[in-house]
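The structure appears below as structure tokens.
Residue numbers (the working numbering): 1410 to 1896.
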């Protein structure tokens, strides 16, 4: 095989940041993955974000430097069943411990596996024998299994960007055993936290799928799979500089002016039931009621762009949260003071960095979250001489690293309200000490280190131990395997 430095990286994700004229890359994760792709040339493959009546069987290609972006369109039926259906109405709620929201439809399950098969067939046409493949997130759990059926022998890793629950919760998934077994086609499966990795291996053991050969290692069908925790980080230096520069951002300056001498509390979340937005607004209401001296002296801005608006559960949630914010303002506000500013629009990354920097409190209280990079960005954005305070849910993956935040139970709204009061009254020496400790941990685990660490582990998988990797003629095309193994 080729040396690691010559192996092309192939990244697979549901959405692909295809370059467009004048566009900027959104976040640090995208930048880190593109950096890894550029090192030896690479391919980024996934869904185009478009639905068409008759999608072509081949991927649409865009070349940018030594990176090829390849995307497939979906039919409306594929989108409804694979994405809006099984991925977001079964996998997402189960992985976020919301069994009450699980929708089980056989045709959606079939659509999920059908789309994974179609994506694998299209990707197989583009693969080289020595490519290293990195699959991202819950949309593509069966992808490696489908690639193996087509004769792919490459190293394939998988990283889950959301939680993985314990067996008693995960087993509520439709086709639970089939999904678990499909993980066995990967060489490395990564999670944000040791708890998620442990939950996953317990699921395999409980279902008698393969056999554990020690912590972090499992055999399935004579294939050794590694399991590990790889907590994703951020580019703290870049984000910190962005936050400092954003103090001159027009939106940031207007917001600061509108606040007057009031302290700012900020929350930034995509609209999702896992984020605990209703409980958070209620906690802020508890804080105001219990601490009347802070009336008209603090403003809470909640920035929540809409997401998955075509999913009925999200439409209902949007109405409920807007009503709760309105009730809080109506019952607690004054003529010259709106306690909660609830914004359903996207705010640019630079402006967000500036808003974090001017905030006294970052309120990050999801009910469940795989990591939550907002927590890390809030810390990185602070002024070292006068940092704000992070209030963080103990059920967010970031709490494993940022335990010097004020950790709260988001279900206990009165305790969360008390945490807000504590944060606003915290002495500056304590604020600096907490911030410095958290920054040290963020510096030790940047997004670049996360990316490199996962890929180093994947590339270190022993050729002999897996029984999967063999030498190939470089002209081999996986779309025409000498023999297609049976499912």
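Every residue, glycine too, gets a C-beta built ideally from N, C-alpha and C.
For residue 1578, the secondary structure class from DSSP, reduced to helix, strand or coil, is helix. Between the alpha carbons of residue 1463 and residue 1469 lies a gap of roughly 14 Å. Put simply, of 1715, 1751, 1708, 1727 the residue whose alpha carbon is nearest the alpha carbon of residue 1767 is 1708.
Closest in alpha carbon position to residue 1598, among 1581, 1429, 1542, is 1542.
Contact between residue 1777 and residue 1572 holds: their C-beta atoms lie close to 6 Å from each other, under 8 Å. For residue 1446, the closest alpha carbon among the candidates 1478, 1456, 1460, 1465 is that of 1478. If you draw a straight line from the Cα of residue 1564 to the Cα of residue 1621, it is about 20 Å long. Proximity of the stretch 1660-1669 to the stretch 1789-1799 falls short of the contact definition, fewer than three beta-carbon pairs being nearer than 8 Å. Between residue 1555 and residue 1593, the alpha-carbon positions lie close to 11 Å from each other. Between the stretch 1769-1786 and the stretch 1811-1829, the count of C-beta pairs closer than 8 Å reaches three or more; the two stretches touch. Distance from the Cα of residue 1550 is smallest, within the candidate group 1587, 1741, 1454, 1655, for 1587. Beyond the five residues adjoining it in sequence on each side, residue 1450 comes within less than 6 Å, by CB distance, of 1417, 1475 in the same chain, given in chain order.
Under a 10 Å Cβ-count criterion, residue 1610 is classified as buried, with 16 or more other Cβ atoms of the shown protein chains found around its own Cβ. Bridge pairing for residue 1483: 1460 [DSSP]. Membership of residue 1545 in the beta strand (DSSP E) is indicated by the continuous run 1541-1545. The continuous stretches of alpha helix (DSSP H) do not include residue 1814, and DSSP gives it neither H nor E.
Under the 10 Å beta carbon count, residue 1829 is surrounded by 16 or more other beta carbons and is classified as buried.
Per DSSP, residue 1794 lies in no alpha helix (DSSP H) segment and is marked neither H nor E. Within the stretch 1717-1766, the runs of alpha helix (DSSP H) at least 4 residues long that lie entirely inside it are, in chain order, 1721-1741, 1758-1766. For residue 1598, the beta-bridge partners assigned by DSSP are 1567, 1636. In the structure shown, residue 1514 adopts coil according to DSSP, grouped into three states. Under the criterion of beta carbons closer than 8 Å, residue 1866 and residue 1635 qualify as touching, at roughly 7 Å. In this structure, the straight-line span from the alpha carbon of residue 1493 to that of residue 1600 is close to 23 Å.
Taken through DSSP and simplified to helix, strand or coil, residue 1771 comes out as strand. Classified as buried, residue 1870 has 16 or more neighbouring CB atoms from the shown chains inside 10 Å of its CB. Annotation: residue 1470 is outside any alpha helix (DSSP H); the continuous beta strand (DSSP E) that includes it extends over 1469-1473.
Annotation: residue 1504 to residue 1498 spans about 11 Å, alpha carbon to alpha carbon. Following the DSSP letters along the chain, one finds residue 1673 inside the beta strand (DSSP E) bounded by residues 1672-1677. The C-alpha of residue 1509 lies about 16 Å from the C-alpha of residue 1685. Contact check for residue 1566 against residue 1858 fails: the beta carbons are separated by 9 Å or more. In chain order, 1601, 1641, 1806, 1807 place their CB closer than 6 Å to the CB of residue 1780, counting only its own chain and leaving out the 5 sequence neighbours on each side. Here residue 1630 carries a coil assignment [DSSP, helix/strand/coil]. Of the other Cβ atoms in all chains shown, fewer than 16 fall within 10 Å of the Cβ of residue 1706; this residue is therefore exposed. The beta-bridge partner set that DSSP reports for residue 1501 is empty. Per DSSP, the beta bridge partners of residue 1452 are 1419, 1477. Counting along the chain, residue 1645 sits inside the alpha helix (DSSP H) bounded by residues 1645-1654.
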